[in-house]
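Chains as they are written, first to last, in the working numbering: chain A, 751 to 1077; chain B, 751 to 1077.
Note that beta-carbon positions come from the ideal geometry of N, C-alpha and C, so glycine has one too.
Every value quoted in this text rests on a predicted model; they were computed, and no experiment measured them.
Here is the structure:
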């Protein structure tokens, strides 16, 4: 038996081979089901921090999901100074391994997968925590994650209207255009962030993750019965607003404790009621009344990536996409 | 500024572009100098363990050496059952990043670098712990690491004779042939492992790493004044033989403590007198008398890999070796 060949997938290749959001959500949900049953190996993610600024990182995110025959690592960088140089903030590669032999099957750009799987996890949280009839959504910060979170929510909910806020109005207008043209939604660009929170069934805050939250959203803005996904951790939320939470969840209780107790995020946030694996595995209840204000503060897990990577690899193989590399 | 392109280097490419052992030793020694001064970022290496056997691993080994502008990760697998299937025991890829932007510069097969940098670290330990006039060397287990350790020692010491032992005699004969033809040494294949220890100035044990040591080497075999490099950790050595150590070193005291206290290797081994960074940085003394029996139990560090990877990358670029990938 010779060693399997190695398939390289560029950013374009991944986009072309990538499955639709519905399929991504299904794969990530399966991963959370396994995680909730304690059947995923996912060690803490170590990293290095080159440069002077202190905010640069390159993280290794390894995971193994036996039931999905998925094993590998994402090696992902975030350099806040890159966009000013015409380079992406997030970059990196994912290596997918054959769990049978340990050898690499594929190396792929990880930008697309990072955007999509984060949104899929938001939507899976919403499936358990938002009201099923949720029709209005507010997006605060309309970059890559704002758009992909809107896309993912539109797969699972009968959305009718989106309210888009961004400190750069052109970003909000771009998201609104996408929402109207591609999702058939009624889209409103709002100048006041409150208008993307009050009256919304689902709220997504998707700005940059900050150690010192700007706390734009105040107590009383969020409606009873609404759900919020905090892609930016707690950056957008005042502590008083967060104290109105009736249910506070994350995607991994252990890693959340690290972010809170060691890394210094989520100060004075509510205690964790459940993690997403527990919700998906049915071990803890999601929303319990139509009036609850519910929150998901997901961190992004190596498991998310590894649940999606085999789909991309298999589709690329079937479609003949990618560069075959000598091993 | 556009994103830099990405260079893929196969196993063959790395071998062709790889620098000579003398240059590898110099690079790894520079890395240890930086490590000894606390100027290397090297978090613990997490891993996943697919399969039923329990001995399979895939480890993420990230490191950043600012002074060498070297940042990246090695994602390396070890599957004991692979050779029986015609597949390599060790496999995997190394991603080298640009520390300025965080983006990947190169993806390269990590087999060659793993073999060479391990031997280079042995030789650097020997430079501080073996007698400079060391002329005889014993190799116990003559696989990839036996050969590369012999090569590395021959760069730094005036070797005249090698004694080769292996439970598979054809491996010992192959190493002996290489030693005579390529290194000009007098080579003897020995049937008794004692003959590859007694009378030798340098001893290298390079068999498989075992949690339950076979303890072949007994007390009294190793000469006073000799140095031993334990590439197989403590697998080859009886506890009585190890108690004759006058100096016991490793390449990283922190990671050694983890292997000993958590993973269960190095039971009843002597306390660590120094690590290799301390020796190279001149913070602790190496050999102090001609009579001391000295030991290096090196673990293999992500720093070793990252010190060598930029050399390979730069040489490959200069030689036009490798496959240019779209990002």
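Residues near residue i by beta carbon distance below 8 angstroms, same chain, minus five either side
i	result
residue 1042 of chain B	974, 975, 996, 997
residue 1006 of chain A	1000, 1016, 1022, 1025, 1047, 1049
residue 1067 of chain A	757
Cβ-based burial, residue i [other Cβ within 10 Å; buried from 16]
i	result
residue 751 of chain A	Low per-residue confidence applies at residue 751 of chain A: pLDDT is 40, beneath 50, and the placement is therefore not dependable enough to give any value.
residue 813 of chain B	buried
residue 1027 of chain B	buried
residue 786 of chain B	buried
residue 1012 of chain A	exposed
residue 866 of chain A	buried
residue 941 of chain B	exposed
residue 1014 of chain B	exposed
residue 876 of chain A	buried
residue 943 of chain A	buried
residue 788 of chain A	exposed
residue 1010 of chain A	buried
residue 931 of chain B	exposed
residue 834 of chain A	exposed
residue 908 of chain B	exposed
residue 800 of chain B	buried
residue 770 of chain A	exposed
Inter-residue CB distance, residue i and residue j (contact presumed, cutoff 8 angstroms)
i	j	result
residue 969 of chain A	residue 990 of chain A	4 angstroms
residue 988 of chain B	residue 959 of chain B	Contact flag wrong, Cβ pair sits at about 17 angstroms.
residue 1069 of chain A	residue 767 of chain A	6 angstroms
residue 980 of chain B	residue 999 of chain B	Rounded, the Cβ-Cβ distance is 10 angstroms, inconsistent with contact.
residue 1044 of chain B	residue 983 of chain B	Rounded, the Cβ-Cβ distance is 17 angstroms, inconsistent with contact.
residue 1019 of chain A	residue 992 of chain A	6 angstroms
residue 843 of chain B	residue 825 of chain B	6 angstroms
residue 1055 of chain A	residue 903 of chain A	Not quite, the Cβ-Cβ distance comes to about 20 angstroms (not below 8 angstroms), so this is no contact.
residue 912 of chain A	residue 937 of chain A	5 angstroms
residue 925 of chain A	residue 854 of chain A	37 angstroms between Cβ atoms; not a contact.
residue 861 of chain A	residue 831 of chain A	About 17 angstroms separates the two Cβ atoms, so there is no contact after all.
residue 896 of chain A	residue 887 of chain A	No, residue 896 of chain A and residue 887 of chain A are not in contact; Cβ-Cβ is about 10 angstroms, not under 8 angstroms.
Neighbourhood of residue i by C-beta distance below 7 angstroms, restricted to the same chain and skipping five residues each side
i	result
residue 922 of chain B	892, 914, 915, 916, 939
residue 859 of chain B	759, 760, 761, 764, 843
residue 928 of chain B	897
residue 994 of chain A	969, 972, 1043
residue 1002 of chain A	1025, 1049, 1051
Identity of the residue in the options nearest residue i by Cα
i	options	result
residue 1060 of chain B	B/966, B/1013, B/857, B/796	B/857
residue 972 of chain B	B/982, B/956, B/1076, B/947	B/947
residue 806 of chain B	A/986, A/819, A/852, A/1052	A/852
residue 1057 of chain A	A/762, A/792, A/930	A/792
residue 878 of chain B	B/1055, B/1076, B/1046, B/1071	B/1046
residue 837 of chain A	B/781, B/850, B/835	B/850
residue 1039 of chain B	B/778, B/881, B/839, B/830	B/881
residue 910 of chain A	A/935, A/924, A/896, A/929	A/935
residue 1021 of chain A	A/1004, A/899, A/796	A/1004
residue 1064 of chain B	B/848, B/802, B/894	B/848
residue 725 of chain A	A/756, A/794, A/779	Chain A is shown only over 751 to 1077; residue 725 of chain A falls outside these bounds and no answer can be derived.
residue 777 of chain B	B/1062, B/832, B/985	B/1062
residue 827 of chain A	A/769, A/797, A/919, A/869	A/797
residue 1031 of chain B	B/887, B/885, B/780	B/780
residue 933 of chain B	B/900, B/800, B/1076, B/964	B/900
residue 804 of chain A	A/929, A/769, A/829, A/883	A/829
residue 898 of chain A	A/884, A/955, A/908, A/945	A/955
residue 894 of chain A	A/945, A/839, A/908, A/884	A/839
residue 782 of chain B	B/986, B/802, B/868, B/884	B/868
Chain-order list of residues whose beta-carbon lies under 6 angstroms from that of residue i (same chain, five-residue window excluded)
i	result
residue 784 of chain A	790, 815, 817
residue 1036 of chain B	878, 879, 1029
residue 1034 of chain B	1024, 1028
residue 873 of chain A	775, 902, 903, 906
residue 863 of chain B	1055, 1058
residue 821 of chain B	814, 847, 849
residue 919 of chain A	none
residue 819 of chain B	849
Query raised in the report: Unbroken beta strand (DSSP E) runs of length 3 or more, entirely within the stretch 866 to 929 of chain B: which are they?
Result: Secondary structure remark: continuous beta strand (DSSP E) runs of at least 3 residues inside the stretch 866 to 929 of chain B, in chain order: 886 to 890, 911 to 915.
Requested in this report: At 3 residues or longer, and completely inside the stretch 920 to 1003 of chain A: list those beta strand (DSSP E) runs for me, N to C.
Outcome: 936 to 939, 952 to 955, 977 to 980, 997 to 1000
Requested in this report: Please list the segments of the beta strand (DSSP E) lying wholly inside the stretch 762 to 826 of chain A, counting only runs of 3 or more residues, in order along the chain.
Outcome: 807 to 815
Report task. For the stretch 1002 to 1047 of chain A, list the alpha helix (DSSP H) runs that are entirely contained and at least 4 residues long, ordered along the chain. Result -> 1003 to 1008, 1026 to 1030
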